[in-house]
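Contents: one structure, followed by commentary.
2 protein chains.
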Amino acid sequence: MSELIIWTYDWVPKGPRGFVREEAALPYTVRTVPFDGREINHLAHQPFGQVPFLSDGELQIFESGAGVLHLARKTDELMPRDPVGEAHTLQWAIAALNSIEMVSVPWWFLKMSGKEDNGLAGWMGLRLQQLERVLSEREWLVTNRFTAADLLMADVLRVSEVRSFGDRPATEAHVTRATNRPAFKKAYADQMAHFEAADAQRA
Amino acid sequence: MSELIIWTYDWVPKGPRGFVREEAALPYTVRTVPFDGREINHLAHQPFGQVPFLSDGELQIFESGAGVLHLARKTDELMPRDPVGEAHTLQWAIAALNSIEMVSVPWWFLKMSGKEDNGLAGWMGLRLQQLERVLSEREWLVTNRFTAADLLMADVLRVSEVRSFGDRPATEAHVTRATNRPAFKKAYADQMAHFEAADAQRA
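One line per chain: the protein sequences are A and B, in this order.
Residue numbers for the first sequence follow my numbering, beginning at 1 and rising by one.
Residue numbers for the second sequence follow my numbering, beginning at 204 and rising by one.
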């Protein structure tokens, strides 16, 4: 098997810190690029200066959604192997990254910029309500099992400002189910430890 | 081969009208759902009330990005068949749908709402400039050939308000290359004819 490396920053400011996932149940190591100078210090690997990106042997791949789908196709843990299950996992993964995150992240960005009149609030409410109806009828997005689509959707929805925007019990239950999984808890704890160690070093 | 159906609206208002793609070189038919009542009339097929969605035999799939990637994997026309080419097509397809469209569509939405102070303009300028540098060094996004990633990226970038935001010659050349392809021209002409016929019927 090729060596899997997940690249992240050596340190990030306190606040919403990301996490590395364990769900694929594949062995991996973590390496870092410096947070300071991130706009230009790894453009050869990631043209938008972001993390994470992935090395899988000789292959390098950026965009966390693409990384998750790439890993999902290497293992049974994150994607059913039948054509319909695979197509629907792709469909809901893209829904998380496009139909939902396209609204929630810019809405959050405007909110953090201190805009009183957030011009995206109406659209945000509509999309989240449409998703609430879907999640009120099923436990997971695809074929009654946790998939890469749930991983990506829960990652979009677990942002605290998104969770506190409106009252959507089925969505809240989905986020809780996903983040209570042992793989999420381990990945989250590992990542927090990584950044806390970096805090100590910068202090 | 299973029957491929692309579903769209029976009519849409004049303005930015969409298009159906020919690039996959697979036979397909077009069917419609009514534009009037679109918020609720096809939720069983598309939970956000949008189009297009796809029927591929018994399989139904929504999210245009997922539909394009699904078709790309059925044919050689839109995706190289080697693992690296496939991973990089996925990566740049997700970059179009997430890193770029996540900024350009909300920016466009605020602009169309008549906001003088568009809080997303700075982010928009940064992302488009990062992409301009990539496109200034290559003709197509993946391995010197047109792929699903170029199709999706050009679709995000060809919006007239996006094209007239700043001066990015390499990006403009990419959009021109993609939209000058015979498959794009045929798909665009077919779709315009579809909606013009619908205009006449509603007149």
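For every residue, glycine included, the Cβ atom is placed at its ideal position computed from N, Cα and C.
Given the structure is predicted, the values throughout are model-derived calculations rather than measurements.
- Interface residue (Cβ-Cβ distance to chain B less than 8 Å): Ser113 (chain A) is classified as such.
- By alpha-carbon distance to Leu157 (chain A), the top candidate from A:Glu3, A:Glu132 and A:Asp10 is A:Glu132.
- The straight-line gap separating the alpha-carbon atoms of Ala24 (chain A) and Lys277 (chain B) is approximately 26 Å.
- Judged by beta-carbon spacing, Gly166 (chain A) lies beyond the 8 Å limit of Leu110 (chain A), meaning their Cβ atoms are not closer than that value.
- Bounds of the beta strand (DSSP E) holding Ile264 (chain B) are Leu262 to Phe265.
- Interface annotation for the region 109–133 of chain A against chain B: Phe109, Leu110, Ser113, Lys115, Gly119, Leu120, Trp123, Arg127, Gln130, Leu131 and Arg133, criterion Cβ-Cβ distance under 8 Å.
- Listed in chain order, the positions of the region 298–309 of chain B with a beta carbon within less than 8 Å of a beta carbon of chain A are Ala298, Leu300, Asn301, Ser302, Glu304, Met305, Val306, Val308 and Pro309.
- Neighbours of Val84 (chain A) in chain B, taken as residues at a C-beta separation under 7 Å, are given in chain order as Leu262.
- Under the Cβ criterion of 8 Å, Glu139 (chain A) is not counted among the residues facing chain B.
- Counting only Cβ-Cβ distances below 7 Å, Gly268 (chain B) has contacts in chain A at Ile94 and Asn98, in chain order.
- In this structure, the CA atom of Arg163 (chain A) is about 42 Å from the CA atom of Glu280 (chain B).
- Closest in alpha carbon position to Glu342 (chain B), among B:Arg380, B:Ala392, B:Asp402 and B:Glu242, is B:Arg380.
- With contacts defined by Cβ atoms closer than 8 Å, Ala170 (chain A) and Leu126 (chain A) do not form a contacting pair.
- Distance between Glu22 (chain A) and Trp7 (chain A), taken at the CA atoms: about 14 Å.
- Close to Leu272 (chain B), with beta-carbon spacing below 7 Å, are these residues of chain A in chain order: Leu90.
- At the C-beta level, Gln91 (chain A) and Glu304 (chain B) stay beyond 8 Å of one another.
- Counted as a single uninterrupted DSSP element, the alpha helix (DSSP H) harbouring Asp155 (chain A) occupies residues Ala148 to Leu157.
- C-alpha of Thr143 (chain A) to C-alpha of Arg371 (chain B): approximately 44 Å in a straight line.
- The same chain holds no residue with a CB closer than 6 Å to that of Arg384 (chain B) once the five nearest residues on each side in sequence are set aside.
- Apart from sequence neighbours up to five positions away, the residues of its chain that approach Phe35 (chain A) with a beta-carbon distance below 7 Å are Tyr9, Asp10, Trp11 and Val12, ordered along the chain.
- His70 (chain A) is positioned such that its CB atom lies closer than 8 Å to that of Ala290 (chain B).
- Residues of the region 37–54 of chain A with a Cβ closer than 7 Å to any Cβ of chain B, in chain order: Pro47 and Phe48.
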